[in-house]
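S.K.: For reference, each letter of the sequence shown is one residue, going 151 to 638 in our numbering. Beta carbons are placed, not taken as given, at the ideal position from N, Cα and C, and that holds for glycine. Once you've had a glance at the structure underneath, I'll fire off some questions.
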Amino acid sequence: MNIKELLKNIGGRTNGDIYLGVVGPVRTGKSTFIKRFMELVVINNIQDEYQKARATDELPQSGQGKTIMTTEPKFVPNNAVSVEVGENLSVQVRLVDCVGYVFKDAKGYMDEDKIRMVKTPWFEDAIPFDEAAKIGTQKVITDHCSIGIVVTTDGTIVDIPRNSYVEAEDEVITQLQTIGKPFIVIVNSKDPNGVLAQQTAKELSEKYQVSAIPMSIEQMNQEDANQVLKDALYEFPVLDVDVVFPSWVAALEENYWLKQSYRQSIQDALQEAKKVRDVEKLAEALRQNEYAKSVEITNIDTATGVVTLRIEPKDGLYEAVINDIVGTDLQDKADLIKILQEYKQYKEQMADLLPAILMAKETGYGSSVPSLNDISISKPELIKNGNRYGVRIKASAPTLHIFRVDVENTFEPILGSKEQSEAMMEYLTQNEETLVNMSMFGRNIGDLLKDGINAKLMTLPENNRVKLQNILKSMTNRGKNNLIAIVF
151 MNIKELLKNI GGRTNGDIYL GVVGPVRTGK STFIKRFMEL VVINNIQDEY
201 QKARATDELP QSGQGKTIMT TEPKFVPNNA VSVEVGENLS VQVRLVDCVG
251 YVFKDAKGYM DEDKIRMVKT PWFEDAIPFD EAAKIGTQKV ITDHCSIGIV
301 VTTDGTIVDI PRNSYVEAED EVITQLQTIG KPFIVIVNSK DPNGVLAQQT
351 AKELSEKYQV SAIPMSIEQM NQEDANQVLK DALYEFPVLD VDVVFPSWVA
401 ALEENYWLKQ SYRQSIQDAL QEAKKVRDVE KLAEALRQNE YAKSVEITNI
451 DTATGVVTLR IEPKDGLYEA VINDIVGTDL QDKADLIKIL QEYKQYKEQM
501 ADLLPAILMA KETGYGSSVP SLNDISISKP ELIKNGNRYG VRIKASAPTL
551 HIFRVDVENT FEPILGSKEQ SEAMMEYLTQ NEETLVNMSM FGRNIGDLLK
601 DGINAKLMTL PENNRVKLQN ILKSMTNRGK NNLIAIVF
């Protein structure tokens, strides 16, 4: 991605405001970074000549040696400048030069044996230098910035050893991790390709799980600036994962075991890969799924935080799923054709009955609506009504009337004493979910209750079934609504 594409994508994650908070220990090159970054990324892309001149005049000064130059936080430029990144699309860019975290080998933060007092935009009175660094970092990153840039060093840029920076470095990075906004680390070095710079960047990256870039800030070029923005962009969180399956997997019900397995793997993987830069970890975690043949990252939309993955199921799963769905082991295509034909017949038979079943479950009663093929039409008859004549056309059709009857059954085992029965009752109450699977007298309680209900269904005599059918037939055909029933 070129510089405008990077700015455009970062702007998509920050609502168009790209505010970089540059923080870290003192004497690491923070002001130099801001100056070079502004020259390479911002000023070169400002269209308005007045804004360009103003931004150039407001660039910070940098110094050499151990003496601290930045004694108060500064916004560079004072007001955010607009940078065009596309047709009718621009982003607002501004950097903040923060007071650095102090350490004993640095000079300029003591004033006659006391911590130097400095002014900040957040307090009317001056505050100690070290407090200004901590408070300034928190306020800048929390309230004013969308991305943090931690600048540290391998100890080669000034006459201060690497280990002098470590404590202050740890403090500022830990603070940024607590705040929770995306940030990267720049390891400033006179020899960024050297062993010391590379090793320092590697150690910081592994220790804090953040991108660490070794570079010579003083000699920073356009490629380096692009790398800073790219790595910062990849520190933003993954907001959503779109998983593309083969169409036959997508067609499965959401609660089907294969889909549930993939979904659980995705949820587990997101715990391991929360940043855009970790998407390969996300894919690798999904590859551990026992049903995944391959997982491919097909797209990373850095502007929205949406990652698209494609999961290819293992060979043989398609056939296994079909066998599972149809409930039988299909040996060849002929078996599949037979099953499909049976399904077609079943579907035709159930087309009228299913609505009645669903209605009966919900309301207690449901009836099927006959199709035109079910209607039998008798031979037309001549009828007379007074001096007038007409024709009677009689039709009949079988209809199914379904009643929901709540059949009750009880299971009353005699256990012995009252105490034994109370203990059993308490145990059953505490395990209601597994009650039907509990064994008693050598059988599951669920099977005992089911057998009792089935037995009651068989006790309805045949003649009573016929009577109920005739009653319903009479009420339906005659339109009578009155019913007297005597059950004895």
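#1: Since Asp280 and Ile297 should fall inside the 8 Å C-beta cutoff, what is the C-beta to C-beta distance between them, to a whole number of angstroms?
#2: Hey, Asp524 and Pro548 are a contact pair by Cβ (cut 8 Å); roughly how many whole angstroms apart?
#3: In chain order, what residues of the same chain have a beta carbon less than 7 Å from the beta carbon of Gly215, not counting five sequence neighbours either side?
#4: In its own chain, which residues sit with a C-beta less than 8 Å from the C-beta of Gln438, not counting the 5 before and 5 after it?
#5: So the candidates are Gln201, Tyr251, Arg460 and Asp485; which of them puts its Cα closest to the Cα of Pro227?
#6: Among the residues of its own chain, which have a CB less than 7 Å from the CB of Val345, if the five just before and after it don't count?
#7: Express the C-alpha separation of Leu245 and Ile323 in angstroms, rounding to a whole number.
#8: For Arg460, which beta-bridge partners are listed by DSSP?
#9: If Val337 and Ala318 are in contact, beta carbons under 8 Å, what's the gap, nearest whole angstrom?
#10: My understanding is that Ala283 touches Val249, with C-beta atoms under 8 Å, so please give their C-beta distance in whole angstroms.
#11: What is the rounded straight-line gap between the Cα of Glu576 and the Cα of Lys600?
#12: Please determine, among Leu436, Leu389, Asp451 and Thr452, the residue with the shortest C-alpha to C-alpha distance to Pro463.
#13: Please classify Leu490: is it buried, with 16 or more other beta-carbons within 10 angstroms of its beta-carbon, or exposed?
#14: Using the C-alpha atoms, what's the distance from Leu402 back to Glu469?
#15: Just the Cα atoms here: how many angstroms apart are Arg460 and Leu420?
#16: Of the choices Ser546, Glu531 and Ala545, whose alpha-carbon is the least far from that of Tyr539?
#17: Mapping DSSP to helix, strand and coil, what is Val664?
#18: Residues in its own chain within less than 8 Å of Val429 by CB, not counting five upstream and five downstream?
#19: Tell me the DSSP secondary structure of Phe183 in three-state form.
#20: Looking at C-alpha atoms only, which residue of Lys534, Tyr493, Ala400 and Ile299 is the closest neighbour of Val476?
#21: Does the Cβ-Cβ distance between Ala375 and Ile160 come in under 8 Å?
#22: What is the DSSP secondary structure of Met516, counted as helix, strand or coil?
#23: How big is the Cα-Cα spacing for Thr302 and Ala433?
#24: Can you give me the C-alpha to C-alpha distance between Cys295 and Ile168, rounded to a whole angstrom?
#25: Taking the C-alpha atoms as reference points, what is the distance between Ile639 and Leu354?
#26: What three-state label does DSSP hand Gln580 in the structure shown?
#27: How long is the line joining the alpha carbons of Pro563 and Lys606, rounded to whole angstroms?
#28: From Met574 to Asn604, what does the alpha carbon distance come to, in whole angstroms?
#29: Going by Cα to Cα distance, which pick from Arg615, Met370 and Pro396 is closest to Phe187?
#30: Can you round the beta-carbon distance between Leu503 and Ser518 to whole angstroms, since I take them to be within the 8 Å contact cut?
#31: If Gln372 and Leu190 are in contact, beta carbons under 8 Å, what's the gap, nearest whole angstrom?
#32: Do the CB positions of Lys340 and Ser314 come within less than 8 Å of each other?
#33: Where does the unbroken alpha helix (DSSP H) through Leu156 begin, and where does it stop?
#34: Give, in chain order, every unbroken run of the alpha helix (DSSP H) that is at least 4 residues long and sits entirely within the region 333–379.
#35: Taking the beta strand (DSSP E) that Met267 falls in, what are its first and last residues?
#36: Can you tell me which of the three DSSP states Thr609 falls into?
M.R.: In brief:
#1: At roughly 24 Å, the Cβ-Cβ gap does not stay under 8 Å, so Asp280 and Ile297 are not in contact.
#2: At roughly 6 Å, the Cβ-Cβ gap stays under 8 Å, so Asp524 and Pro548 are in contact.
#3: At Gly215 the pLDDT is 44, less than 50, meaning the model places this residue with poor confidence; the figure from the coordinates comes in the next sentence. Same-chain partners within the cutoff: Val308.
#4: Once the five neighbours on either side are set aside, the close Cβ partners of Gln438 are Ser415.
#5: Residue Gln201 is the option with its Cα nearest to Pro227.
#6: The same chain holds no residue with a CB closer than 7 Å to that of Val345 once the five nearest residues on each side in sequence are set aside.
#7: Approximately 18 Å between the Cα atoms of the pair.
#8: Beta-bridge pairing links Arg460 to Val394 and Glu446.
#9: With a contact defined as Cβ atoms closer than 8 Å, Val337 and Ala318 miss out at about 14 Å.
#10: Here Ala283 really is in contact with Val249; their C-beta atoms are around 4 Å apart, less than 8 Å.
#11: Straight-line spacing of the CA atoms in Glu576 and Lys600 works out to 23 Å.
#12: Taking each of Leu436, Leu389, Asp451 and Thr452 in turn and checking the Cα distance to Pro463, the smallest one comes out for Leu436.
#13: The residue in question, Leu490, is exposed, as its Cβ has fewer than 16 Cβ neighbours within 10 Å.
#14: Taking the CA atoms as reference points, Glu469 sits about 14 Å from Leu402.
#15: If you take the alpha carbons of Arg460 and Leu420, they lie about 15 Å apart.
#16: Closest by C-alpha distance to Tyr539, out of Ser546, Glu531 and Ala545, is Glu531.
#17: Here the chain covers residues 151 to 638 and nothing more, so residue 664 does not appear.
#18: Excluding positions up to five away in sequence, the list reads Val388, Ala423, Ile447, Ile450 and Val457.
#19: Collapsing the DSSP output to three states places Phe183 in a helix.
#20: Distance check between Val476 and each of Lys534, Tyr493, Ala400 and Ile299 places Tyr493 closest, using alpha-carbon atoms only.
#21: Against a cut-off of 8 Å, the Cβ pair of Ile160 and Ala375 comes out as no contact.
#22: The displayed chain sequence assigns Gly, not Met, to residue 516. Strand, per DSSP.
#23: About 32 Å.
#24: Their backbone Cα atoms lie some 7 Å apart in a straight line.
#25: Because residue 639 is not part of the residues shown, which for the chain are 151 to 638, the question remains open.
#26: When secondary structure is reduced to three states using DSSP, Gln580 falls in the helix class.
#27: So the two alpha carbons sit approximately 19 Å from each other.
#28: Whole-angstrom Cα-Cα distance: 26 Å.
#29: Answer by Cα proximity: Met370.
#30: That belief holds up - the Cβ atoms of Leu503 and Ser518 are roughly 5 Å apart, short of 8 Å.
#31: Rounded to whole angstroms, the Cβ separation of Gln372 and Leu190 is 5 Å, and the two are in contact under 8 Å.
#32: It is not a contact, given that the beta carbons lie outside the stated cut-off.
#33: For Leu156, the enclosing alpha helix (DSSP H) has its first and last residue at Ile153 to Arg163.
#34: Listed in chain order, they are 345–358.
#35: Note, Met267: beta strand (DSSP E), Met267 to Thr270.
#36: Thr609: coil per DSSP, three-state reduction.
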